[in-house]
Amino acid sequence: MLSGYWLPNPFSPGEESCLIVSSSSAGRLLEINPTSAMGNFDKAVRDICDWLSERLRA
39 MLSGYWLPNP FSPGEESCLI VSSSSAGRLL EINPTSAMGN FDKAVRDICD WLSERLRA
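All residue numbers for the sequence shown refer to our numbering, where the first residue is 39 and numbers rise by one.
Written as structure tokens, this is what we have:
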């Protein structure tokens with residue numbers, strides 16, 4: 039399970055993301071820096087793709 043969040047985000051706080059990833063032994067929590075939105079969005083998408091690729095190989 040993978041969960042990403044921005045700080046501060048009242049609609050999806052980090053605590054909820056922690057609960058989501060704790061439901062899986064291979065869970066990953068991804069904090070996304072709120073500055074430079076497009077650069078961070080691109081990095082987040084790349085991190086997600088890398089994580090998915092690793093899980094699909096297993």
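Backbone N, C-alpha and C fix where the C-beta goes; we use that ideal spot for every residue, glycine too.
Note that the coordinates shown come from a computational prediction; the quantities given were computed from them, not determined experimentally.
Open item on the list: I'd like to confirm the pairing. Which residues does DSSP put opposite GLY65 in its beta bridges?
Closed with: The partner list for GLY65 (beta bridge, DSSP) is empty, contrary to what the question assumes.
Task: Neighbourhood of LEU67 by C-beta distance below 7 angstroms, restricted to the same chain and skipping five residues each side - done: Here the set comprises SER41, SER55, CYS56, VAL59.
- [ ] Alpha carbon to alpha carbon, how far is ARG84 from SER91? Give it in angstroms, no decimals.
- [x] 10 angstroms
Task: ASN47 to ILE86 span [Cα, whole Å] - done: Approximately 19 angstroms between the Cα atoms of the pair.
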